[in-house]
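J.: Let me give you the structure first, and then I'll get to my questions.
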Amino acid sequence: MGPMTGTKKLMVGNWKMNATHLEAIQMVQKLSYRLEPRDFDRVEVVVAPPFTSLRSVQTVIEADRLWIGLGAQDVFWEESGAFTGEISAPMLAKLSVQHVIVGHSERRQLFGETDEAVNKKVRAVSGAGMRPIICVGETLDQREEGEAERVVVGQVVAALTRIDVEVIATAAIAYEPIWAIGTGRNALPDDAGLMAETIRSTVADRVSSEAASGVRILYGGSVNAANIKDFMAKGEIDGALVGGASLDPDNFASIVRYWL
Numbered sequence: 032m033g034p035m036t037g038t039k040k041l042m043v044g045n046w047k048m049n050a051t052h053l054e055a056i057q058m059v060q061k062l063s064y065r066l067e068p069r070d071f072d073r074v075e076v077v078v079a080p081p082f083t084s085l086r087s088v089q090t091v092i093e094a095d096r097l098w099i100g101l102g103a104q105d106v107f108w109e110e111s112g113a114f115t116g117e118i119s120a121p122m123l124a125k126l127s128v129q130h131v132i133v134g135h136s137e138r139r140q141l142f143g144e145t146d147e148a149v150n151k152k153v154r155a156v157s158g159a160g161m162r163p164i165i166c167v168g169e170t171l172d173q174r175e176e177g178e179a180e181r182v183v184v185g186q187v188v189a190a191l192t193r194i195d196v197e198v199i200a201t202a203a204i205a206y207e208p209i210w211a212i213g214t215g216r217n218a219l220p221d222d223a224g225l226m227a228e229t230i231r232s233t234v235a236d237r238v239s240s241e242a243a244s245g246v247r248i249l250y251g252g253s254v255n256a257a258n259i260k261d262f263m264a265k266g267e268i269d270g271a272l273v274g275g276a277s278l279d280p281d282n283f284a285s286i287v288r289y290w291l
């Protein structure tokens, strides 16, 4: 693996329910061809394929010695048991998964995932030696009613309850306004920057300044090569959680190389 530090920008490609294991192999290989060593000096790059492709992508990353990290899109909080269809944190860790997305709005909205469940998943991920990417964000109605900050702060506080400072300092929190995910709409960079600042302040107030200085705040929500520079110009934003645009290796590589 390439060099990894908490001060690097973090770009995560969330492939969602896309790509067979054969397609995933091609995607990660094509992405690696489009990136250079200097890119990894600046940015930590992670791809999160579907569960069925994790082993295939892991094999490519390790065999080709790629500096691309492996992420998972979800996890269950129990280590084992009668939970048909679920995947545990130890299972992911054995596949060299380094980052796990928890609390994505699609999990919250479509599958009824609660703040309590998100907190359990954060603890499971950290307990298995992996880093959580905690997703938070408000609906359009909540934003129009002036409730965005209250909702996001509440989700952050709930997710980090009873989590060690050391874990939080190496985690990421992705601000994804629900109304911007997969819609082609995105929050204004200034609004995203202000929310990132609010999230970091919340971590400082509720946990510690050490945790706040270490945690990376990402933006997600219709991120693409055309708008990434505007978001990354905000000093409060440490990277991006990229959805649809990460399915195209050319587009995702352009996002990773946002400074060029």
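In this note's numbering, the protein residues as written are 32 to 291.
Where a beta carbon is used, it is the ideal one built from N, C-alpha and C, also for glycine.
Give the DSSP-derived three-state secondary structure of P163 in the structure shown.
T.: strand
J.: Could you pull out every residue in the same chain whose Cβ sits closer than 6 angstroms to the Cβ of K152, ignoring the five residues on either side in sequence?
T.: For K152, where only same-chain residues beyond five positions count, the Cβ hits under 6 angstroms are V106, W108 and V133.
J.: Assign E197 to buried or exposed, taking buried as 16 or more other Cβ atoms, counted over all protein chains shown, within 10 Å of its Cβ.
T.: exposed
J.: In chain order, what residues of the same chain have a beta carbon less than 7 angstroms from the beta carbon of A284, not counting five sequence neighbours either side?
T.: Sequence-distant Cβ neighbours of A284 in its own chain, meaning closer than 7 angstroms and more than five residues away, are L62, R65 and L66.
J.: Specify the secondary structure class of E75 as computed by DSSP and reduced to three states.
T.: strand
J.: Ignoring anything shorter than 3 residues, give me the beta strand (DSSP E) runs that lie fully in the region 42-90, in order along the chain.
T.: The qualifying runs are 74-79.
J.: Between R174, D269, L278 and V246, which has its C-alpha nearest A211's C-alpha?
T.: R174
J.: Is the beta carbon of L272 sitting closer than 9 angstroms to the one on I164?
T.: yes
J.: How many angstroms separate the CA atom of I259 from the CA atom of T170?
T.: 22 angstroms
J.: Judging by CA-CA distance, which residue of V254, V246 and L101 is the nearest neighbour of A203?
T.: If we check each option's Cα against that of A203, V246 comes out closest.
J.: Contact defined as beta carbons within less than 8 angstroms: I believe R162 pairs with H130. What is the distance between those atoms, to the nearest angstrom?
T.: 5 angstroms
J.: Taking the beta strand (DSSP E) that V234 falls in, what are its first and last residues?
T.: Where V234 is concerned, there is no enclosing beta strand (DSSP E), although the alpha helix (DSSP H) it sits in stretches over P220 to R237.
J.: Less than 9 angstroms between the beta carbons of G168 and G116, yes or no?
T.: no
J.: Quick one: what does DSSP say A113 is sitting in, helix, strand or coil?
T.: coil
J.: Span of the beta strand (DSSP E) holding G158?
T.: Counting along the chain, G158 falls outside any beta strand (DSSP E), though it belongs to the alpha helix (DSSP H) covering D146 to G158.
J.: Thinking just about the alpha-carbon of each residue, which of D269, R139 and V287 is nearest to the one in K40?
T.: D269
J.: Could you compute how far the alpha carbon of H52 sits from the alpha carbon of V88?
T.: 8 angstroms
J.: Which residues in the same chain have their Cβ closer than 6 angstroms to the Cβ of Y289, if we skip the five residues on either side of it in sequence?
T.: I259, K260 and M263
J.: Taking the continuous beta strand (DSSP E) assigned at L126, which residues delimit it?
T.: Premise fails: L126 is in no beta strand (DSSP E) and is neither H nor E.
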